[in-house]
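Sequential numbering from 0 applies to the sequence shown in numbering that gives the first Met the number 0. By construction, the Cβ of each residue, glycine as well, lies at the ideal position given by its N, Cα and C atoms. As structure tokens, the structure follows; a few thoughts come after it.
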Amino acid sequence: MDGNLIEIKHRINSIDSTLKITKAMKLVASVKLKRMKDIFDANLNYTNELKDVLYKTLSYYDFNSKKLPDCLKKYNSSNKLYIVVTSTLGLCGSYNYSIFKYLKDILNEDDEILIIGEKGYIHYKNFKNKVYDDYKNLFLNLTYNNVKSLRHFIFKIYKQNKYKSVELIYTKYVNSLNFKVENIQVLPLNFDLDNYKEKFVFKPIIEPNVNEVLNKMLPHYIDALLFNKLLESNVCEYASRRNAMENATNNANELIDDLNIKFNKARQSHITNEIIEVVSGAKSTKGE
0 MDGNLIEIKH RINSIDSTLK ITKAMKLVAS VKLKRMKDIF DANLNYTNEL
50 KDVLYKTLSY YDFNSKKLPD CLKKYNSSNK LYIVVTSTLG LCGSYNYSIF
100 KYLKDILNED DEILIIGEKG YIHYKNFKNK VYDDYKNLFL NLTYNNVKSL
150 RHFIFKIYKQ NKYKSVELIY TKYVNSLNFK VENIQVLPLN FDLDNYKEKF
200 VFKPIIEPNV NEVLNKMLPH YIDALLFNKL LESNVCEYAS RRNAMENATN
250 NANELIDDLN IKFNKARQSH ITNEIIEVVS GAKSTKGE
């Protein structure tokens, strides 16, 4: 076997090894995607019901009250805090790139960043303004209690009158092939109550009173909202990784097919040359 055939054979073996890895990673990502999607769907129902109850309660709240809950207060600061949700692991296609591109277009020179995900920390660690990395590894143990801790942290720095708003940059799940970067305002909370004011014929009885109920409910709603959006980002990450591994597997199969054709042509050419050499040698011997 000549050098060209050996080189092609080595390339086929190398790509075949990569193919086995990408197929295995695709299977793992598919299983994790299914599990995370089920968790997200169940949590979405809960979050929507909680939002519905909250909106109905807010429709009877006096927003001109002098004692607004902390999550409804507005401050005069000009800069914003962006909570940026990225992945901790790689090999997930354009998932992180889309987030970085989106944030680049809206980030002002006075804004600051709170990073979730190791990839985001690596990308923004040299950012000139403050980068909070306290929760960069949140996805290693994504639980409701840890998200609640994140909310307490956000509340603490927001009440220092440092930010005009706190906004969450995450990836919205459209379907298993399509995702888009979304931006929602976490603090101060914004509500569109027009669709809820006429839900009741008579005003409901809220005990002990609307203010106390909201003071308890609003932080819990933010916990649920953050947890839901982080779950959704996680779903998008696994879906993006599965798609990336599927594309890599398909590309590897195509490369192997092309190399097999090239190998067979080279081998046929090599055999033909050997036959020609044998025949030429036989004719030469016969002539002598």
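Quiz item: Quick one: is residue 191 buried, meaning 16 or more other Cβ sit within 10 Å of its Cβ, or exposed?
Solution: exposed
- prompt: CB residue 39 to CB residue 234, shorter than 8 Å?
  reply: yes
Notebook entry, point to check: Expressed to the nearest angstrom, what Euclidean distance is found between the alpha-carbon atoms of residue 125 and residue 31?
Noted result: 32 Å
| message | Does residue 84 pass the burial test, meaning 16 or more other C-beta atoms within 10 Å, or should it be called exposed? | response | buried
Quick one, which of 139, 133, 140 and 138 has its alpha-carbon nearest residue 151's?
133
*Using a Cβ-Cβ cut-off of 8 Å (strictly less than) and excluding sequence neighbours within five positions of residue 166, which residues of its own chain qualify?*
79, 80, 81, 82, 182, 183, 184 and 185
For residue 164, the residue or residues it bridges with in DSSP:
79
(request) In the DSSP assignment, find the alpha helix (DSSP H) that holds residue 118 and state where it starts and stops. (result) 117-123
For residue 74 versus residue 213, is the C-beta spacing smaller than 8 Å? no
Alpha-carbon spacing of residue 21 relative to residue 236, whole angstroms: 16 Å
Less than 8 Å between the beta carbons of residue 92 and residue 232, yes or no?
no
> Start and end of the beta strand (DSSP E) containing residue 185?
Replying inline: 178-186
Exercise for review: Identify which residue in 260, 267 and 283 has its Cα closest to the Cα of residue 10.
Suggested key: 260
Q.
According to DSSP, simplified to helix, strand and coil, what is residue 130?
A. strand
Inset, instruction - Compare the Cα-Cα distances from residue 43 to each of 96, 58, 117 and 226 and report the closest residue. - result: 226
Q: Would you please state the rounded distance, in angstroms, between the beta carbons of residue 95 and residue 110? I believe it to be under 8 Å.
A: Residue 95 to residue 110, Cβ: 19 Å. No contact.
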